[in-house]
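Q:
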Amino acid sequence: MINILIKSTNQVVLKDMDNDGYTDLLYLDETGDGIVDKKIEFLGKVIMFDWDINALF
100 MINILIKSTN QVVLKDMDND GYTDLLYLDE TGDGIVDKKI EFLGKVIMFD WDINALF
């Protein structure tokens, strides 16, 4: 499990590449400068995010 602190929802972009209802890619802008700092590709089925505290996957 990876645990990333999310300050606001505009730091994160979720992509469902194959339209199956599950997140396939996550783009994370950690510094808030509009540049993607991390790109995470999911191999499993990811649908749950807790925006207030952490994104857990």
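Going by the working numbering, the first residue of the sequence shown is number 100, and it counts up by one from there. We treat Cβ as the ideally placed atom computed from N, Cα and C, and that holds for glycine. A quick note: this is a predicted structure, and the numbers were derived from the prediction, not measured.
In whole angstroms, what is the alpha-carbon distance linking Glu129 and Ile139?
A: Taking the straight line joining both Cα atoms gives about 13 Å.
Q: Who are the near neighbours of Lys114 in its chain, counting only those whose CB is closer than 8 Å to its CB and skipping five residues on each side?
A: Here the set comprises Thr122, Asp123, Leu124, Leu125 and Tyr126.
Q: CA-CA distance, Gly133 and Met116?
A: The straight-line gap from Cα to Cα measures roughly 21 Å.
Q: Quick check: what's the CA-CA separation for Gly131 versus Gln110?
A: Each residue's alpha carbon lies about 6 Å from the other.
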